[in-house]
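Chemist:
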Amino acid sequence: MQSQFLAAINQIAAEKNISQEVIVEAVEAAFRTAYRKEYGKRTQNIEAKLNEGMDNATIYLVKEVVKTIEDADIEMTVAEAKKYNKKAKIGEEIRIDVTPAKGYGRIAAQAAKQVIIQRIQEAERDIIFKKFKDRENELITALVHRVEKENIYLTIENTTVPLSSEYRIPNEHLNPGQRIKLYLEKVIKTSKGPQLLISRTHPELIRKLMEAEIPEIQDGAVEIKAIAREAGVRCKVAVYSNDPKIDPVGSSVGQKGVRIQTITNEIGNERIDIIQWNEDPVKFLEAALAPATISKILIDKKTSRASVYVHEDQRALAIGKNGQNVRLASKLTRLEVDILDVEATENISDKIEAKTINEITDFSKEIIEKLTKANLSQTEQIKGLSVKDFIDIGLTEDEAKIVVEIMKKVR
71 MQSQFLAAIN QIAAEKNISQ EVIVEAVEAA FRTAYRKEYG KRTQNIEAKL NEGMDNATIY
131 LVKEVVKTIE DADIEMTVAE AKKYNKKAKI GEEIRIDVTP AKGYGRIAAQ AAKQVIIQRI
191 QEAERDIIFK KFKDRENELI TALVHRVEKE NIYLTIENTT VPLSSEYRIP NEHLNPGQRI
251 KLYLEKVIKT SKGPQLLISR THPELIRKLM EAEIPEIQDG AVEIKAIARE AGVRCKVAVY
311 SNDPKIDPVG SSVGQKGVRI QTITNEIGNE RIDIIQWNED PVKFLEAALA PATISKILID
371 KKTSRASVYV HEDQRALAIG KNGQNVRLAS KLTRLEVDIL DVEATENISD KIEAKTINEI
431 TDFSKEIIEK LTKANLSQTE QIKGLSVKDF IDIGLTEDEA KIVVEIMKKV R
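In short: position in the sequence shown from 1, add 70, done, that's my numbering.
#1: Per DSSP, which one or two residues make a beta bridge with R165?
#2: Reducing DSSP to helix, strand and coil, say where I472 ends up.
#3: In chain order, what are the residue ranges of uninterrupted alpha helix (DSSP H) at least 4 long that sit wholly in the region 264-333?
#4: Just confirm the distance between the C-beta atoms of G387 and A358, as a whole number of angstroms; I'd bet it's less than 8 Å.
#5: Comparing C-alpha positions only, which one of D408, I294, D289 sits nearest to I344?
#6: Measuring only the C-alpha atoms, how far is E286 from S321?
#7: What separation, rounded to the nearest whole angstrom, lies between the Cα atoms of I316 and I284?
#8: Would you call D408 buried or exposed, if buried means 16 or more other Cβ atoms sit within 10 Å of its Cβ?
#9: So what's P232 in DSSP terms, helix, strand or just coil?
#10: How many Å lie between M71 and Q81 at the Cα?
#11: Taking 7 Å as the limit between beta carbons, can you name the residues of its chain near E300, skipping five residues before and five after?
#12: In or out: K471 buried (at least 16 other Cβ within 10 Å) or exposed?
#13: When the distance is taken between beta carbons, is I166 closer than 8 Å to L131?
#14: CB-CB under 6 Å to E134, same chain, minus the five flanking residues each way: which ones, in chain order?
#15: For the alpha helix (DSSP H) that contains V97, what are its first and last residues?
#16: Going by DSSP in three states, D408 sits in which element: helix, strand or coil?
#17: For I345, write down the residues that DSSP places opposite it in a beta bridge.
#18: Can you grab the Cα-Cα spacing for the pair L266 / V257, in whole Å?
Next comes the structure, spelled out in structure tokens:
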């Protein structure tokens, strides 16, 4: 007949999803602690072994057989050892049954209880760590459990995980009982247990959602080349296919936009622009700056800087609200992007020969005055200066960009 103690062990193992062996080990550790508290010393080598019925434990004091005793708590002579084992030899261990007949006091029992609780908590944490460690960089589903000001508490496979405000989509309202998808970036061990670094704002969340929703991306026919995201507002995704029969943009968007709309709905109606990736950086940047119509693009490969020329009526589109369009295009293409007005630069001569700034007729009176005030009257002095350099000496951003473009033509 199963003992009550064994039944309790099995119940704990089932409730906590921990193996019986782990619970038994925790209980044996508790018996060791209780014995040391009540009868033994911290320096002694104590073992505890649950008996077959698991309703009690045998306590052993373990000592090593030595020629000369240096520490009586853990060592004994051959002569003493032979009282317990007639064949005892130097180097062997002798286990002496020291199981107390009268049990344990309240303090010892309390200490034992704490050991069991601690060991079970450690086992639970280890299970959680192992379960999620193999799922790093994956998409996971969570249930919103509780909503607070700083944190939202989620339930992920019976594990409660906090989602801090910095990893939440701005202005997104989540409600208890709502199911959401997140990106599991990393799982790390801490003194308080495993910490799941989960995010609703990470660019990789978009990749994982697209992989889950779009068959052509799942099977590798369409590849996601780059993602630039400002969570909750807008995202640009560059896609590509080696197969000329496949339209990577159309495959990603879906018929009537159904596929991409599913993803948009999941992330709080964040706008997603799908862009055709191109190995030609000029064509890629032009596509990334859509919906603006681009007149000309010049790229300095050494500095990874692009000068993009647009007509005045396209400037706002190219830059976007609060600079968002050009900022995302810059992230997507990994280029520093300057938006320039065609009208302001189209009259610049193809080649300019000048030693002083006064000889450059394309410079406005205001530009010449500001450069002169900064003691920069010679063309050699300003060759190679950046837009930021000119802004630092008092030029406006537009003036600085014009000077940089003109100086490219000065010999």
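Cβ atoms here follow ideal geometry from the backbone N, Cα and C, with glycine treated the same way.
Modeler: Taking the coordinates as given:
#1: To locate residue 165, count along the sequence shown from 1; it is residue 95. Note: R165 sits in a beta bridge opposite V132.
#2: Against the sequence shown, residue 472 aligns to sequence position 402. Look at I472 here: in three-state DSSP terms it is helix.
#3: As far as the region 264-333 is concerned, its whole alpha helix (DSSP H) runs of at least 4 residues are 273-283, 285-288, 318-323.
#4: As a first step, residue 387 must be located in the sequence shown, where it is residue number 317. As a first step, residue 358 must be located in the sequence shown, where it is residue number 288. Strictly speaking, residue 387 in this sequence is Leu, with Gly absent from that position. About 13 Å separates the Cβ atoms of L387 and A358, ruling out a contact at the 8 Å cut-off.
#5: As a working mapping, residue 344 is identified with position 274 in the sequence shown. The shortest C-alpha separation from I344 is found at I294.
#6: Indexing the sequence shown from 1 puts residue 286 at position 216. Indexing the sequence shown from 1 puts residue 321 at position 251. Distance from the CA of E286 to the CA of S321, rounded to the nearest whole angstrom, comes to 7 Å.
#7: As a working mapping, residue 316 is identified with position 246 in the sequence shown. As a working mapping, residue 284 is identified with position 214 in the sequence shown. Note on geometry: alpha-carbon atoms of I316 and I284 lie some 13 Å from one another.
#8: Along the sequence shown, read from residue 1 onward, the residue named residue 408 stands at position 338. D408 is buried by the Cβ-count criterion.
#9: Stepping through the sequence shown from its first residue, residue 232 is reached at position 162. Looking at P232 - three-state DSSP - the assignment turns out to be strand.
#10: On the sequence shown, position 1 is the one that residue 71 refers to. On the sequence shown, position 11 is the one that residue 81 refers to. Since pLDDT at M71 reaches only 34, below the 50 mark, its modelled position is unreliable, and the value read off the structure follows with that caveat. Our two residues, M71 and Q81, have alpha carbons roughly 16 Å apart in a direct line.
#11: For the purposes of this step, residue 300 is taken as residue 230 along the sequence shown, with counting starting at 1. Beyond the five residues adjoining it in sequence on each side, E300 comes within less than 7 Å, by CB distance, of Q394, L398 in the same chain, given in chain order.
#12: Residue 471 sits at position 401 when you count from the first residue of the sequence shown. Buried.
#13: Within the sequence shown, numbered from 1, the residue matching residue 131 stands at position 61. Within the sequence shown, numbered from 1, the residue matching residue 166 stands at position 96. L131 places its beta carbon less than 8 Å from that of I166.
#14: The residue labelled residue 134 in the question sits at position 64 within the sequence shown. Here the set comprises E145, E163.
#15: In the sequence shown, residue 97 corresponds to position 27, counting from 1. That run of the alpha helix (DSSP H) goes 90-108.
#16: The residue labelled residue 408 in the question sits at position 338 within the sequence shown. Strand.
#17: Here the question's residue 345 lines up with position 275 in the sequence shown. Per DSSP, the beta-bridge partners of I345 are A308.
#18: Position 196 of the sequence shown, counting from 1, holds the residue named residue 266. Position 187 of the sequence shown, counting from 1, holds the residue named residue 257. Going by the C-alpha atoms only, they are around 5 Å apart.
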